[in-house]
Amino acid sequence: MLTFMSEQTLDVDPYIVVVKLWIYVTESFEVFVGYEPHWYLKDPPVPPVPRVEDFGLVNVDPALLHVVPPPPAPPVEGNGDNEIIDLTSDTESEMTRHQW
(Lines of atoms letter the chains of each structure in order from A and count residues from 1; the text may use other names and numbers.)
(Lines give C-alpha, C1' and ligand atoms only; values in the text may rest on other atoms or scores of the structure.)
Protein backbone atom coordinates (compact mmCIF):
# COMPACT_ATOMS: atom_id res chain seq x y z
CA MET A 1 0.00 0.00 0.00
CA LEU A 2 1.28 3.45 -0.91
CA THR A 3 0.51 6.46 1.25
CA PHE A 4 0.65 10.05 0.07
CA MET A 5 0.18 12.99 2.43
CA SER A 6 -0.36 16.63 1.62
CA GLU A 7 -1.12 19.76 3.61
CA GLN A 8 -3.07 22.67 2.14
CA THR A 9 -3.51 26.09 3.73
CA LEU A 10 -6.63 28.04 2.82
CA ASP A 11 -7.23 31.70 3.68
CA VAL A 12 -10.90 32.05 4.61
CA ASP A 13 -11.19 35.45 6.26
CA PRO A 14 -11.21 35.72 9.35
CA TYR A 15 -9.96 32.11 9.55
CA ILE A 16 -7.08 30.07 8.22
CA VAL A 17 -7.87 26.45 7.43
CA VAL A 18 -5.09 23.88 7.37
CA VAL A 19 -6.30 20.71 5.65
CA LYS A 20 -4.27 17.51 5.88
CA LEU A 21 -4.99 15.08 3.05
CA TRP A 22 -4.16 11.38 3.00
CA ILE A 23 -4.29 9.24 -0.11
CA TYR A 24 -3.94 5.46 0.16
CA VAL A 25 -3.37 3.34 -2.94
CA THR A 26 -3.58 -0.45 -2.57
CA GLU A 27 -1.77 -3.00 -4.71
CA SER A 28 -4.99 -3.53 -6.69
CA PHE A 29 -5.04 0.25 -7.39
CA GLU A 30 -7.93 1.03 -5.09
CA VAL A 31 -7.72 4.65 -3.92
CA PHE A 32 -8.89 5.84 -0.51
CA VAL A 33 -8.84 9.51 0.47
CA GLY A 34 -9.04 11.02 3.94
CA TYR A 35 -8.80 14.56 5.24
CA GLU A 36 -8.59 16.42 8.54
CA PRO A 37 -9.34 20.18 8.68
CA HIS A 38 -7.92 22.44 11.39
CA TRP A 39 -9.50 25.89 11.78
CA TYR A 40 -7.55 28.80 13.26
CA LEU A 41 -8.47 32.45 13.81
CA LYS A 42 -6.10 34.88 12.12
CA ASP A 43 -6.20 37.28 15.06
CA PRO A 44 -7.57 36.57 18.52
CA PRO A 45 -10.91 38.29 19.07
CA VAL A 46 -10.74 41.45 21.14
CA PRO A 47 -14.02 41.94 22.99
CA PRO A 48 -14.87 45.51 23.94
CA VAL A 49 -14.66 46.28 27.63
CA PRO A 50 -18.25 46.82 28.85
CA ARG A 51 -19.07 50.11 30.50
CA VAL A 52 -21.67 50.73 33.20
CA GLU A 53 -23.61 52.89 30.75
CA ASP A 54 -23.98 49.89 28.39
CA PHE A 55 -26.28 48.09 30.82
CA GLY A 56 -28.91 50.81 31.20
CA LEU A 57 -28.99 50.54 34.99
CA VAL A 58 -31.47 52.50 37.08
CA ASN A 59 -30.71 54.13 40.43
CA VAL A 60 -32.41 52.17 43.22
CA ASP A 61 -32.67 53.00 46.91
CA PRO A 62 -30.44 50.45 48.73
CA ALA A 63 -33.00 50.30 51.57
CA LEU A 64 -35.37 48.50 49.19
CA LEU A 65 -32.87 45.70 48.62
CA HIS A 66 -32.92 42.84 51.11
CA VAL A 67 -31.80 39.21 51.16
CA VAL A 68 -34.57 36.63 50.87
CA PRO A 69 -33.49 33.40 52.61
CA PRO A 70 -34.41 30.11 50.95
CA PRO A 71 -37.34 28.20 52.45
CA PRO A 72 -36.41 25.64 55.12
CA ALA A 73 -35.92 22.08 53.96
CA PRO A 74 -38.51 19.51 55.06
CA PRO A 75 -37.43 17.31 57.98
CA VAL A 76 -35.70 14.06 57.09
CA GLU A 77 -37.13 10.83 58.41
CA GLY A 78 -34.79 7.95 59.17
CA ASN A 79 -35.49 4.33 58.28
CA GLY A 80 -34.48 3.04 61.70
CA ASP A 81 -31.31 1.24 60.49
CA ASN A 82 -28.30 2.51 62.35
CA GLU A 83 -25.84 -0.19 61.33
CA ILE A 84 -22.41 0.72 59.99
CA ILE A 85 -21.57 -0.51 56.50
CA ASP A 86 -17.97 -1.63 55.99
CA LEU A 87 -17.03 -0.42 52.50
CA THR A 88 -13.75 -2.33 52.56
CA SER A 89 -15.35 -5.76 52.92
CA ASP A 90 -15.39 -8.33 50.13
CA THR A 91 -18.90 -8.20 48.66
CA GLU A 92 -18.50 -11.50 46.80
CA SER A 93 -17.88 -13.43 50.01
CA GLU A 94 -20.88 -11.63 51.58
CA MET A 95 -23.09 -12.78 48.68
CA THR A 96 -22.04 -16.42 49.00
CA ARG A 97 -22.54 -16.34 52.75
CA HIS A 98 -26.13 -15.07 52.50
CA GLN A 99 -27.14 -17.34 49.58
CA TRP A 100 -29.65 -15.00 47.98
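Taking the working numbering, the leading residue of the sequence shown gets 204, the next gets one more, and so forth.
By construction, the Cβ of each residue, glycine as well, lies at the ideal position given by its N, Cα and C atoms.
Going by DSSP, what residue range makes up the beta strand (DSSP E) through residue i?
| i | result |
| --- | --- |
| residue 206 | 205-215 |
| residue 240 | 234-244 |
My understanding is that residue i touches residue j, with C-beta atoms under 8 Å, so please give their C-beta distance in whole angstroms.
| i | j | result |
| --- | --- | --- |
| residue 250 | residue 222 | Actually they do not touch by this definition, with Cβ atoms about 29 Å apart. |
| residue 230 | residue 208 | Actually they do not touch by this definition, with Cβ atoms about 19 Å apart. |
Give the DSSP-derived three-state secondary structure of residue i in the structure shown.
| i | result |
| --- | --- |
| residue 228 | strand |
| residue 220 | strand |
| residue 256 | helix |
| residue 268 | coil |
May I have the straight-line CA-CA distance separating residue i from residue j, to the nearest angstrom?
| i | j | result |
| --- | --- | --- |
| residue 246 | residue 236 | 31 Å |
| residue 280 | residue 267 | 39 Å |
| residue 242 | residue 218 | 7 Å |
| residue 264 | residue 216 | 49 Å |
| residue 253 | residue 238 | 41 Å |
Nearest by alpha-carbon distance to residue i: which of the options is it?
| i | options | result |
| --- | --- | --- |
| residue 206 | 234, 270, 214, 213 | 234 |
| residue 244 | 228, 220, 262 | 220 |
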